[in-house]
Amino acid sequence: AYARNVMLWYGSDIQTTHRNYKTAIKLRRGLSGTLHNGGLVFNYRTPVGGVTSIWYLAEIDYESQQFRIQFFNGISLSVTTAVASLTNLQLETWYRVAITVKPSAGGTTIVAGLDTDSGETIAIISLTTSQYAPSIGRVGFHANRSETRFSYLGIFEV
C-alpha cells in the first residue's frame, strides 16, 4: 500500500510570502484500498530548536469531495476553516491548484484556487493565520496513500 509522502523542492528560493505556487494534479484510481488526494505543501520548515517539521497543505480530497487548507503542527494534520465542499470531483482528471501567500493585518493570508484543466474555477478558499511565521521554508507535493500525478511546479513572486 501507499503511505503519506512529501516531496520538496530544494531550490535557492526559500521565501514563502509574496509568492504564488501552481501545479496540475491528477488523482489516479490506483489499487484497491488506495485513497485519492494530493496537494501542494508550502512553508515546510523546522522551527528553531524543533525536532520535526511543520507545514501547510492545499489539498484536493476525492473521498470527502473537498478542497482545503490544512496545517501540520509537527504531530498531526488539522483541517483549518478554509474548506470548500465539491460536488463533482473526478478521478483521472487534471486539476490546477494555485496558492497565493501574502502578509496581512492578521498575520499571513493564504488564498488557494482550484480550477479544471480548461480553466474553469471550481473553488477559491482563503485563510488568515498568525502561525505562518517565519516565512522561510520549502514548497513541494503531498499525497497520502494515493497514486497522484503532478505535472509541474511553478513558483512566482507577487
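One point on numbering: in the numbering used here, the residue at position 38 of the sequence shown is 1045, and numbering is uninterrupted.
Quick reminder that beta carbons are idealized off the backbone N, C-alpha and C, glycines included.
Do residue i and the ligand GTP come close, with the Cβ less than 7 Å from some heavy atom?
| i | result |
| --- | --- |
| Leu1093 | In the structure on display, the ligand GTP does not appear, and there are no ligands present to speak of. |
Measure the C-alpha to C-alpha separation of residue i and residue j and round it to an integer number of angstroms.
| i | j | result |
| --- | --- | --- |
| Leu1095 | Gly1018 | Just to set this straight, residue 1095 is Asn in the shown sequence, not Leu. Straight-line Cα distance between these residues: approximately 36 Å. |
| Leu1098 | Ile1067 | 11 Å |
| Asp1124 | Thr1030 | 11 Å |
| Glu1127 | Ala1150 | 24 Å |
| Tyr1139 | Leu1047 | 16 Å |
| Ala1119 | Trp1101 | 17 Å |
| Phe1078 | Ser1158 | 24 Å |
| Arg1145 | Asp1122 | 24 Å |
| Val1090 | Gly1056 | 32 Å |
| Ala1008 | Arg1035 | Interpretation of Ala1008 is limited by its pLDDT of 40, a score under 50 that renders its predicted location unreliable; the figure taken from the coordinates is listed afterwards. Cα to Cα, Ala1008 sits roughly 14 Å from Arg1035. |
| Ile1129 | Ser1153 | 22 Å |
| Gly1037 | Arg1103 | 20 Å |
| Leu1160 | Ile1082 | 26 Å |
| Lys1109 | Ala1065 | 15 Å |
| Val1013 | Thr1155 | 12 Å |
| Thr1116 | Gln1073 | 20 Å |
| Pro1141 | Arg1011 | 25 Å |
| Ser1060 | Ser1085 | 14 Å |
With residue i as the anchor, note down where its beta strand (DSSP E) starts and where it stops.
| i | result |
| --- | --- |
| Gly1090 | Residue 1090 is actually Val in this sequence, not Gly. Here the beta strand (DSSP E) through Val1090 covers 1084-1092. |
| Glu1164 | 1161-1164 |
| His1025 | Run containing His1025: none; DSSP gives neither H nor E here. |
| Ser1142 | It is not in any beta strand (DSSP E) - Ser1142 carries neither H nor E in the DSSP assignment. |
| Asn1166 | For residue 1166 there is no data in the structure shown, the boundaries of the chain being 1008 and 1165. |
| Thr1128 | 1128-1136 |
| Gly1113 | Run containing Gly1113: none; DSSP gives neither H nor E here. |
| Thr1155 | 1155-1157 |
Can you name the residues that DSSP bridges to residue i?
| i | result |
| --- | --- |
| Asp1068 | Asn1044, Gln1073 |
| Gly1120 | Ala1105, Ile1131 |
| Asn1151 | Arg1011 |
Using only CA atoms, which one of the options lies nearest to residue i?
| i | options | result |
| --- | --- | --- |
| Tyr1063 | Leu1034, Ile1106, Gln1072, Ile1032 | Ile1106 |
Segment contact flag, the segment 1030-1043 with the segment 1128-1138, C-beta cutoff 8 Å, min 3 pairs: In short, these stretches do not touch, since the Cβ pair count stays below three.
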